[in-house]
Amino acid sequence: MASVNIQNVQKRFGAVRVIHGIDIDIQDGEFVALVGPSGCGKSTLLRMIAGLEELSDGEIRIGTREVSNLPARDRDIAMVFQNYALYPHMTVKDNMGFALKLKKAGAEETRAKVDRAASILGLESLLERYPRQLSGGQRQRVAMGRALVRDPQVFLFDEPLSNLDAKLRVQMRGEIKALHQRIGTTTIYVTHDQVEAMTMADKIVVLHDGVIEQIGAPLELYDRPANLFVAGFIGSPAMNFIRGRVEEGVFRTGNGLTLPLPQSANPATLGGRELICGVRPEHIRAVATGGIEGRVELVEGTGSEIYAKLTCKSDEIACLFRERLAVRFGDTIRIAIDPSTVHLFDIETGKRI
Amino acid sequence: MKRKTLDRIGLFFVALVMISPVVLFFLWMISLSLKYEIDNGAYPPILIPERFAWSNYVRVFEENNFFLYFWNSVLVTGAATILALLIGVPAGYGIARLKAEKSAVVIMIARMTPGLSFLIPLFLLFQWLNLLGTLWPQIIIHLVVTVPIVVWIMIGYFETTPKELEEAASIDGASSWQVFRLVALPIAKPGIVVSFILAVIFSWNNFVFGIVLASRETRTLPVAVYNMLSFEQVSWGPLAAAALIVTLPVLLLTMFAQKQIVAGLTAGAVKGG
């Protein structure tokens with residue numbers, strides 16, 4: 389186990405800069421998720437940590453060792469690939485023992501380590517099979533087993549769950565998390581799925597266009613997003629963004645809709661400027677009287693919750709209700725927003741105020 | 000149902016027409032090899048003779064030092080194929096991984112150049128090196144045929160091997176050489192089989208290089224068959240028998256391996272297929 393230290397790491401492909409000077413500090417034993425939309429550079433960054441991609445500039449340390457110029461095989465890391473990358477011509481046992489074979493470990497030691505990893509992952513009965521004889525979830529486990537056998541300084545995961553179906557994904561998510569809690573190896577996990585990042589990570593790094601938008605604990609990102617991008621990316625369904633101005637102690641849109649201001653906001657300093665008000669759909673409650681009136685444009689019920697899109701004075705607001713409301717398309721309902729859950733963003737810089 | 004049967008018959012007929020030149024040519028060769036000279040010259044031609052002339056086959060082996068030529072062919076083809084695999088498989092891997100398409104084109108140009116254009120200078124070179132009485136000139140020049148086949152088929156195979164497999168191996172601690180030997184090579188085994196088979200076929204059938212470079216002792220089979228023409232007169236029976244014997248190994252190889260050959264020739268055509 390080791391900490392990972394990334395300093396001013398840059399990556400250029402020819403004249404195109406895909407990563408612009410990134411700094412991340414990862415503590416020993418931490419589970420860090422790199423998250424962002426496709427093309428944000430998260431996989432490239434992971435590949436640079438793995439040694440599969442060269443750095444254009446900057447420095448990566450694993451523990452106290454500078455590894456920026458070391459080949460992948462000398463970095464003492466293990467990686468789980470999106471397509472698992474199991475060796476098709478080897479059995480599960482040989483796949484898992486491959487790294488030990490390269491290290492010229494004894495047969496006895498190799499068997500013990502492979503057996504241990506197999507029992508952790510429930511692969512005992514599959515050891516003699518070939519990858520083509522396994523299901524997606526089993527392959528995923530073998531890929532993790534191969535990493536586990538190595539007992540590396542750092543685990544790297546590159547979107548490991550994106551080839552699985554929804555149910556299996558939730559299950560494997562839990563297993564990876566449990567595995568990390570049990571073994572405690574420093575883990576860097578790349579995903580485009582913010583739910584995975586939120587549920588698994590100790591720390592999330594949100595990347596966008598090769599720049600870090602925010603680093604923080606999952607709830608910190610949820611409660612205090614640094615900017616519009618993070619606010620929109622973290623949380624599902626996405627946060628409502630409504631344009632308007634602060635007037636007479638309230639937030640008022642061009643259509644005349646008024647929303648409460650956060651308690652921390654000082655109406656005196658914000659007055660007059662055009663801003664964006666952010667409200668998460670799940671922070672909107674349905675009320676019998678008072679509040680804001682809205683017409684229901686869309687209703688989607690999942691049983692546990694109801695997602696509804698309202699039009700309030702021509703502004704569209706998405707809501708997520710936990711209670712079972714009898715709402716239908718075309719109904720008019722009233723909603724209330726708790727001022728403590730409202731965010732204001734500067735329209736020019738995108739930063740939260 | 001009826002329509003389907005008709006379709007099948009039509010398809011069968013079209014296939015028959017298309018392959019008939021090849022089939023007829025083989026049938027005629029078999030017929031020739033089993034007839035006495037008198038029947039071979041008969042008019043109208045006889046396809047199935049009354050008496051089979053098995054002696055034609057016996058004569059092939061008795062008269063022409065046939066076993067020596069067969070052994071020469073085995074040595075030339077075997078050596079040219081094995082050397083081609085030793086050179087071509089790593090070369091194909093390198094070209095596929097480094098995306099060095101230009102080198103692949105250069106190799107292709109070497110293959111496309113007419114053999115006669117470099118045969119004469121090479122003949123002089125081999126003479127100067129005192130190699131002409133041996134099989135080496137033929138082995139070396141057959142590489143011109145076998146290496147490009149191996150290289151091009153292997154490029155197709157290695158390009159379809161997922162890059163992640165090799166990356167996983169290098170993370171697992173493998174050196175570049177180990178990645179090639181332990182991961183890339185075993186996965187490309189079907190490609191190696193196909194390129195082996197095709198290299199054998201092309202080398203075995205090669206005639207031009209042998210006719211120029213072979214001496215009486217170092218003839219390969221196609222050259223030996225050709226030389227039978229010049230004995231006093233053309234005796235069609237033994238000639239056809241010899242030609243069939245020469246063709247037989249390649250014919251059998253092609254029949255057994257046709258599935259793999261087709262797969263190998265189309266590898267890389269469909270990425271990830």
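As they're listed, the protein sequences go chains A and B. Read in order, the letters of the first sequence correspond to residues 389 to 741 in my numbering. Read in order, the letters of the second sequence correspond to residues 0 to 272 in my numbering. Even for Gly, the Cβ is constructed at its ideal location relative to N, Cα and C. This structure is a prediction, so every number in the text was calculated from the model and none was measured.
Helix, strand or coil, according to DSSP, for residue i in the structure here?
i, result
"B/Y56", "helix"
"A/Y518", "coil"
"A/M588", "helix"
"A/L686", "strand"
"A/V455", "coil"
"B/F51", "coil"
"B/D38", "helix"
"A/M389", "coil"
"A/A696", "strand"
"A/N628", "strand"
Answer with buried or exposed for residue i, where buried requires no fewer than 16 other C-beta atoms within 10 angstroms of its C-beta.
i, result
"A/M532", "buried"
"B/D38", "buried"
"A/N628", "buried"
"A/P540", "buried"
"B/N205", "buried"
"B/F25", "exposed"
"A/E441", "buried"
"B/P136", "buried"
"B/A256", "buried"
"B/I138", "buried"
"A/K481", "buried"
"A/Y475", "buried"
Per DSSP, which residues does residue i bridge with? Please list them.
i, result
"A/N615", "A/K739"
"A/K399", "A/I407"
"A/D546", "A/V578"
"A/Q602", "A/V594"
"B/D171", "DSSP lists no partner for B/D171."
"A/E681", "A/R722"
"A/H731", "A/G666"
"B/I139", "None, per the DSSP bridge assignment."
"A/F639", "A/V634 and A/L647"
"A/R449", "A/N393 and A/E454"
"B/F206", "DSSP, once it has assigned bridges, lists no residue as partnering B/F206."
"A/D413", "A/N393"
"A/M467", "A/L544"
Nearest by alpha-carbon distance to residue i: which of the options is it?
i, options, result
"A/Q415", "A/I592, A/N396, A/V404 and A/G678", "A/I592"
"A/I412", "A/Y695, A/L433 and A/R683", "A/L433"
"A/P669", "A/L552, A/P625 and A/E512", "A/P625"
"A/N483", "A/N457, A/R529 and A/I725", "A/R529"
"A/R673", "A/T690, A/E685 and A/I694", "A/I694"
"A/C428", "A/E636, A/G689, A/V687 and A/H580", "A/H580"
"A/D464", "A/R435, A/N457, A/I394 and A/R538", "A/R538"
"A/A696", "A/D703, A/T690, A/L708 and A/Q582", "A/L708"
"A/T724", "A/R716, A/L649 and A/I735", "Per the sequence presented here, residue 724 of chain A reads as Ala, with Thr not at that position. Among A/R716, A/L649 and A/I735, the Cα nearest to that of A/A724 belongs to A/L649."
"B/Y35", "B/R58, B/S19 and B/H141", "B/R58"
"A/S523", "A/D546, A/D553 and A/E547", "A/D553"
"A/I705", "A/I680, A/R449 and A/E711", "A/I680"
"B/P221", "B/G190, B/Y68, B/L97 and B/I86", "B/Y68"
Residue i versus chain D: which residues are under 7 Å apart at the beta carbon?
i, result
"B/L164", "Among the protein chains of the structure shown, namely A and B, there is no chain D."
Rounded to whole angstroms, what is the Cα-Cα separation between residue i and residue j?
i, j, result
"A/Y472", "B/P89", "26 Å"
"A/H731", "A/A505", "46 Å"
"A/R722", "A/Y610", "26 Å"
"B/F208", "B/P113", "11 Å"
"B/F122", "A/R527", "58 Å"
"B/K270", "B/G155", "Because B/K270 carries a pLDDT of 36, less than 50, the predicted location of this residue cannot be relied on, and the following value inherits that uncertainty. Cα to Cα, B/K270 sits roughly 9 Å from B/G155."
"A/K701", "A/L645", "6 Å"
"B/N64", "B/W176", "46 Å"
"A/P613", "A/A619", "5 Å"
"A/R400", "A/I571", "36 Å"
"B/F201", "B/S116", "19 Å"
"B/V146", "B/A183", "19 Å"
"B/T76", "B/A103", "23 Å"
"A/L658", "A/I630", "16 Å"
"B/L228", "B/L238", "7 Å"
"A/L713", "B/G172", "58 Å"
"B/S169", "B/F157", "17 Å"
"A/G402", "A/L443", "13 Å"
"B/K3", "B/L10", "10 Å"
"A/Q395", "A/V455", "12 Å"
"A/G691", "B/W151", "59 Å"
Could you tell me if the beta carbon of residue i falls within a distance shorter than 7 Å of some heavy atom in the ligand FAD?
i, result
"B/Y225", "Here there are no bound small molecules, and the ligand FAD is not part of this structure."
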